[in-house]
Each structure stands twice: as C-alpha cells, then as structure tokens.
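These protein sequence lines map, in sequence, to chains A and B.
Just so we're aligned: the first sequence equals residues 1 to 319 in the working numbering.
Just so we're aligned: the second sequence equals residues 320 to 608 in the working numbering.
Even glycine gets a Cβ: it sits at the ideal position worked out from N, Cα and C.
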Amino acid sequence: MNETFLRRNLQPIVIWALLLTVPFWLPLFGGYTALAGRVLVFALAAMSFNMLLGFTGIMSFGHAAYFGLGAYGCGLFLKFVYASTPLAMLAGTLLGGIAGTLFGLLLVRRRGVYFAMVTIAFGQVCFYIAYKWDDLTGGYDGLRGFARAPIDLGLTKIDIQNNGTALYFFILLVFGVAAAAQGFVLRSPFGRTMLAIRENERRARFLGIPIEKHIWLSFSISCFFTALAGSLYALLNNFADPQGLTYVMSGNIVMITIMGGMRVFWGPLIGAVLFVALQDYVSSAWPTTWMGVVGVVFVSVVLFFPRGLMGMLQKRAGT
Amino acid sequence: MMQLVMFNVTNGLIVGAFYVLMALGLSLIINLSNVVNFAHGNFLAIGGYLAFTLTPYVGFWGALLISPLLTAIFGYFIEQLLIRHVYARNHIYSLLLTFGLGFILQDVCRVIWGPSPLPLDIPELLSLPITPDLFFITWYRVFMVGVVVVAVSGLFAFLRYTRVGIRIRAGTLDLDTVSALGVNVAALRSYNFAVGSFLAGLAGVLAAGQIGLNPNMGDDLIMPSFIAIIVGGVGSLTGTLLGGLLIGVAAALTTVFYPAGAEAVIYVIMAIVLLLRPRGLLGEEGMLS
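Take a look at the structure:
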C-alpha cells in the first residue's frame, strides 16, 4: 500500500473504518445501533437522490414516493406473500423502481421548477393511494403486522430479527453493495454523460447525446436505489408509514443531500449523520416546536452553507 | 339527485375558487421569480389568523380588507429577508428555503395562536341559507365566490393597466430585457411576491370563515394549487384560473358518483394532461420547460 493510494482513497477508508466499527464506538456516545441503521438508510436514499441532483443536475422533489413504495412493497410482500427478507427487498425495490421508471416517462421533457412540481405531485399520488387503500395498506395508521425474517444461508441463519448488531451489519452490507454499484455507474461512460448533461445540457445535445433518454435512465436508476433504501427502512422499523410518502420526507431527502454536500459522492452520508443527530436532538430538546427549529436549520443551511459540510471541507482543502 | 349534483357543483366551484386564489398567487411568483413557494399555504394561514386577531377591533369586513394587506407586507419582508438571496442559485435551494420557511411559519402560528382549531366569526347575515330550497348554499358561499371574482378581476386589471403590473407581465416573458430597459427587477420581484402573498392572505380569511383556523390549514390546499398550475400550464395565469376551476368541479362531481375517488380525480386529470399536452392546457411551449 503506497502513499498515493492512501491519500487518494483517504475518504472512503476513513468512512468504512468508522462504519464497520459502529457497534463498538457508538454506545460510548450513548447512541444505539438502530440509530446508525437509520443513518445508513437515509444516506442510501439521499445518495440515490444525489445521482440525479448532484450528478445529472436534475432536481426531483418527490423521492419520498419511491422510498415509500419500496417500504410498502417490502412490507406487503412479507405480510401477504412470503416471509423472506431478500425476496421482500427485491419486491419493494421493483415496485418503487418500476413506478419511478413509468413516472419518468412523463417527466423527461420538463425541466427546472416545472420538473420539480410534477415530481412533487407524483409523490402525493403515491401518498394518496397508500392513505386511501386502507384494506391493503393500513391507511393512516401505516402498514403493520409484518416482521423481517432471519436470512437463511443454507448452512447457517443470520438472525437479523432480534440481534441489533446483525441487523446493522446486514444494512451496512446492502448499503455497501449499493454504494459500490452507484460508484460504478457514475464512473462508467454513462455516468460521465450524466455529468456532461449537468454541466451543459445544450452542448451535450449538440454532441449527439440523447438527453431525454439519459435523464430518464438516470431517474429510473435513482428510483430503484431509493426504493431499495425504502425497503431497508421497512425492515428496520417493521413498519411502513404513509407519512414517509409525503413531500415532507422528500424535503428531508433533499436536505440530507444539501447538508452533506451534493457535489461529493459521500456527501449525503455525512448529511444523514448530521440530519439524524439533529432530528434526534431537536425533537427531545424542543418537543413542541421542533418543527420550527428544524425549519430554521433548513433556512440557515440554504442561506449560509449551501455547499454542505463536505463541500466546505473540500473548498478549504483547495481541491 | 339533481339537488345532489347541484350541491356538489356549487361546492366544486367554491373549492375551485379557493384553488384559484392560492394558485394564482403561486403562479405569479413562479412566473416572475422561478420560485415554487412551498410556504404559500402558511401565508394563507397567517392571513386567516390575522383576521381572527383583527375581527374584535375592526369587525369581519375590516379584517377582510386589512388582513390580506398585512399578509402582503409580511410577504414583502420575507422576500427581502430570505427569498431574494436564492434567485441566482439552483432551484433546489429556493424549494428547500420555502420548505423550511413553511415549517417555521406553522410553528409561529402554533406558538402565537395555539395548536387547537379556532373559529372565525362571520356576520350573521352571511351564515343564513339563501333560500329554504337551496339550504346548502349559505350567503357566505355566494359571498366567497363574489370576493374571488372581484379579486381575480382586480388582479387581471392590475396586471393590464398599472405600470407595475405591465412590468410584471413583461418580466414573465423576458426578465433580462426588462432589466436592460432600466426597470429595477429586484424591487419588481418584491412587489410581485407581495401581490402573491396578498392573494394567499385573502384566501386565508375566506377559508377561515368557512372551515375555521388551524396552524396547518394551508396544507390541504397547496397540493391542489400545484396541480391547478400544472394542468393550466406554467406561465399562463388564465391557465391557472381554468385549471383551478376544472379540478375543483371535477373533484366535486366525482364525489356524487364515487366519493372515494374525489381527490384521486385531480391527479388523474393531471396525468392525462401531462400525457396529451405536456405544457398544460394554456401553457406556452418552452416556458420553464
């Protein structure tokens, strides 16, 4: 391991070292491992969202829809079809991803504020369906009555049902695989094309790049990953919540991304750490006005720290 | 049956009129400043609550006039203080900013006026039904529609005949040119935001008289307003007007035949419009797309 390798990969090495050792050091801060699970889930959702915002330059304000569909798909599969965690995750990911792909078809010709508005409206459609179809989804109370099943590896079983640490490492494994896949996509020629669209859409179009097709694909990929995060969220809580489908959740995903830094691959992960810590702290410190306090933080981040934590660090380091 | 249909059509027009007031304000701001004001529903709530506080002193009629004006002034300052700083940035920042602002305003209402619902007293005359046959149509409902008609006509006259109004319309089409001609675009955007807030405040007073007040009273109205704008076409105020009435009446008529689908129908309309005419009913091609 030579020095340049270390320097070039310092960020991921530090991040993975911290993530892998969470169950050992988080309790020192009085935290609990489920909290770290929530960080990873939100981080995955925000990183998936950031493939669009940060790396294609397209802003969706309705990613809660795909996150929530992932959660409901996973929960419904566990409850009504078959008690297998991997299959349920697959079901949730497919449900959210396919819905996103179809919505994407209607979206690709829109840009800017219009694009955002239509994504918001689509998000509300999904909330509305989950809310009204209460025979299936439990309506306002959310979907309960399912539990994550232990993972059967043939020789041995991983008990993610009762063992918090095992659950955390399972989520970390999924997160790691998904992050690697995202990194792979972003480094591929397709990912480079996404960057080109972000930097200058008109020029990319003149170069003969089919912009609409790329944006559609990028949107679709982002939705599949977001739905995967949603299915993990259902497993983490044994619960799917209709509130998680509303634009408030979409706004949180955006906020996580901005807080961490949207131009940095690992930015949303840092953002998720900040966001979960903030949410946890504020809701216990100001139980009645926590929403207003969170609002003040949002407004301040937008006005004073628009590059996010990682963006600021990178600027300071001069890279 | 006839009466049921009548009831729901009038209901739909009234609800639609609300959507129109909300959506026109939102639309004005989107057209000139490219900002989707997520907090618009909270401006509505502020207008309603201000009317609640003012009514004991100036009566309902006074509050109906003063409260929207105060909301407009409030909007003007919010624009000066927060929103103008994000015009030059990626749209995601203006969305997030107004999203956070909505949280703050909702808690401000909750702290000042309390979390529980409050009634807004309306003059006795207005709470009577117009005839015993049409018992479901109170004078207040007729009055609301009247106010909306006056407000919308006033807005269109303002945009057509006043200097600021003409500049707002011109700025919607080509802000750079308007700026190059020596118009203070920053001030224009502030006035425009104030006009949008005025409409939200007015909608707030009217809504408070019908459904009462609570800190998140605007939340149910904001999403239909978005859809009214999308259906009508971004960039066209007439389109927004049409879109608002259309989804209001469509939702009410669906209530007659299939109550569970009442809200779903507005999303279905949106999907159909996006499929068949992506720019919206009266939207211009290329506008913000």
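- Within the same chain, Cβ atoms closer than 6 Å to the Cβ of Ala570/B are found at Ala581, Val584 and Ile585, the five residues on either side in sequence being excluded.
- Residue state for Ile151/A is assigned as strand, using DSSP reduced to three classes.
- In summary, the residues of the segment 578-597 of chain B whose CB is separated from some CB of chain A by less than 8 Å are Ala579, Glu582, Ala583, Tyr586, Met589, Ala590, Leu593, Leu594 and Pro597, in the order they occur in the chain.
- In the three-state reduction of the DSSP assignment, Ile158/A falls in the strand class.
- Rounded to whole angstroms, the separation of the alpha carbons of Val299/A and Val355/B is 15 Å.
- Below 8 Å, too few C-beta pairs join the segment 298-313 of chain A and the segment 503-519 of chain B to call them touching: fewer than three.
- The beta-carbon separation of Met59/A and Ile411/B, rounded to 4 Å, stays under the 8 Å limit for a contact.
- If the five residues before and after Thr33/A are omitted, its C-beta is found closer than 7 Å to the C-beta atoms of Val22, Pro23, Leu26, Gly164, Thr165 and Tyr168, all from its own chain and listed in chain order.
- One alpha carbon belongs to Gly271/A, the other to Pro434/B, and they sit about 31 Å apart.
- When DSSP assignments are scanned along the segment 171-201 of chain A, the uninterrupted stretches of alpha helix (DSSP H) that are 4 or more residues long and fall wholly within it turn out to be 189-199.
- As the crow flies, the alpha-carbon of Val254/A is around 7 Å from that of Phe61/A.
- Taking a contact as a CB-CB distance under 8 Å, the pair Ser283/A and Leu52/A does not count as one, their CB atoms being some 29 Å apart.
- Using a CB distance cut-off of 8 Å, Ile348/B does not count as an interface residue toward chain A.
- Nearest neighbour of Leu518/B by Cα position, chosen from Thr390/B, Tyr376/B, Val550/B and Leu595/B, turns out to be Thr390/B.
- Note on Val177/A: under 16 other CB atoms within 10 angstroms of its CB, so exposed under the neighbour-count rule.
- Between Asn535/B and Gln425/B, the C-beta spacing is below 8 Å.
- Between the segment 547-562 of chain B and the segment 339-358 of chain B there are three or more C-beta pairs closer than 8 Å, enough to call the two in contact.
- In this chain, the alpha helix (DSSP H) harbouring Val273/A covers Gly267 to Ala285.
- A residue is called buried when at least 16 other Cβ atoms come within 10 angstroms of its Cβ; Ala71/A meets this threshold and is buried.
- For Ile258/A, the uninterrupted alpha helix (DSSP H) segment begins and ends at Tyr247 to Gly260.
- Within the same chain, and ignoring the five residues on either side of Leu351/B in sequence, the residues whose Cβ sits closer than 8 Å to its Cβ are Ile487, Gly490, Thr491, Leu494, Leu507, Arg508 and Asn511.
- The alpha-carbon of Met249/A is positioned some 13 Å away from that of Leu69/A.
- With its beta carbon less than 8 Å from one in chain B, Val294/A belongs to the interface.
- In the same chain as Gly528/B, and ignoring 5 residues on each side of it, the C-beta atoms closer than 7 Å to its own belong to Leu439, Ile441 and Tyr459, in chain order.
- DSSP places Ile431/B inside the alpha helix (DSSP H), whose first and last residues are His410 to Trp432.
- Only buried fits Leu521/B, as 16 or more other CB atoms lie within 10 angstroms of its CB.
- With contacts defined as CB atoms closer than 8 Å, Ser231/A and Cys74/A qualify as a contacting pair.
- For Tyr338/B, not one C-beta of chain A is nearer than 8 Å to its own C-beta.
- The segment 355-368 of chain B makes contact with the segment 408-423 of chain B; the number of CB pairs closer than 8 Å reaches 3 or more.
- As computed with DSSP, Pro448/B is found in a beta bridge with Thr457/B.
- Where Met51/A is concerned, the enclosing alpha helix (DSSP H) starts and stops at Thr33 to Leu53.
- The Cβ neighbour count for Ser218/A, taken over all protein chains shown within 10 Å, is at least 16; the residue is labelled buried.
- With a cut-off of 8 Å on Cβ pairs, the segment 320-339 of chain B is not in contact with the segment 385-405 of chain B, counting fewer than three such pairs.
- Cβ neighbours of Ile431/B within its own chain (closer than 8 Å, five residues either side excluded): Tyr368.
- Those residues of the segment 489-504 of chain B placed with their C-beta closer than 7 Å to a C-beta in chain A do not exist.
- Only Thr288, Thr289, Trp290, Met291, Gly292, Val293, Val294, Gly295, Val296 and Val297 from the segment 273-297 of chain A bring a Cβ to less than 9 Å from some Cβ of chain B.
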